Structures are given as C-alpha cells and as structure tokens.
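Trainee: Under our numbering, the sequence shown has 229 at position 129, and the numbering climbs by one with no breaks. Here a beta-carbon is modelled for each residue, glycine too, at the ideal position from N, C-alpha and C. If you're wondering where the values come from, they're calculated on a predicted model, not measured in any experiment.
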Amino acid sequence: MSTPAPRPSVLFVCVHNAGRSQMGAAYLTHLAGDRVEVRSAGSAPADAVNPAVVEAMKEVGIDISAETPKVLSVEAVRASDVVITMGCGDACPVFPGKRYLDWQLDDPAGQDVEAVRPVRDAVEQRVRGLLDELGIPVSA
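Here you go:
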C-alpha cells in the first residue's frame, strides 16, 4: 500500500490581500477542493476585500464576501511549497527550496467590476495552469 503524496501548499501574496491574491486563493480552492492547501496574505493588508472583486467572483459562482485580508507572515511562506506573488515586490521573504512565481496582473484596487473581470479571468487561467503543472485535476 502506497502512502498518498502530501498535499501541495500554495500561498498567494499581494500588497493589500484584497484583490488578486483573494481571487487566486478562491479559484484554487474552488478548482482543487481539499487536494491543495491554500493560503493568501498581504504585505500591507487592507481592512476588507475589494467590493468589486467580491462582485466579480460572485458572477462566476464563487462567494468570497466572508474573506478578510491577512498579514503576510514568515510562517506562511515557510509552510508553503509554492509562493505566488502579485505585485508585492520585495516584501515577500524568500526561503530556499520554495517555488516562487510572480504573476504580473493589473491591480484591481479602486477599479469597478467591469475593470476587475479581465483580471479575474487571467487569475483563473493561471490557477488552472498551476493545477496542471502540479498534476492536480480540476474538480469544477
């Protein structure tokens, strides 16, 4: 009997943890279920998730209205296999043996839902690509 492979852990990081990283975490949770451990955080977290981001995600059937921005911790980075940064620059601590990806995406801060939709769709495509790379089938 073989031991199941450990679940990969992915951390999404952006400055405010109110837009891109929340969308990334929500899509990964939605598409992978419990096969991936998902975290998100920000180097300077906002007070709340961007309402236009909440609305854009609701349009695709994902409710993130109960999420709250979280502060980026060294422990979160250390506990993650893959760290995906989205515009946080040098604010993210770097540890050897981690896989770092930097997704260049427009910042939805201050934008309306119309402007957030293309960012949301780009996040979804990148999350699907990440799941493919990790060898995890999409469940939705």
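Under 8 Å by Cβ, that's how I've got Val153 and Gly119 pegged, so tell me the actual separation to the nearest angstrom.
Mentor: Between Gly119 and Val153 the Cβ distance is about 5 Å, and since that is below 8 Å, they are a contact.
Trainee: What did DSSP end up calling Glu167 once you bin it into helix, strand or coil?
Mentor: Here Glu167 sits in coil by DSSP.
Trainee: Just the Cα atoms here: how many angstroms apart are Met123 and Gly229?
Mentor: Distance between the alpha carbons of Met123 and Gly229 is about 15 Å.
Trainee: Name the residue from Pro218, Val213, Ala125 whose alpha carbon lies nearest to the alpha carbon of Asp42.
Mentor: Shown here, the chain extends from 101 to 240; a query on residue 42 therefore has no answer.
Trainee: Run through the DSSP bridge pairs and tell me what Arg139 is partnered with.
Mentor: For Arg139, which the question treats as bridged, DSSP gives the partners Leu111.
Trainee: Looking only at its own chain, which residues have a Cβ that is under 7 Å from the Cβ of Leu243, when we skip the five neighbours before and after it?
Mentor: Residue coverage of the chain in this structure runs from 101 to 240, which leaves residue 243 outside it and unanswerable.
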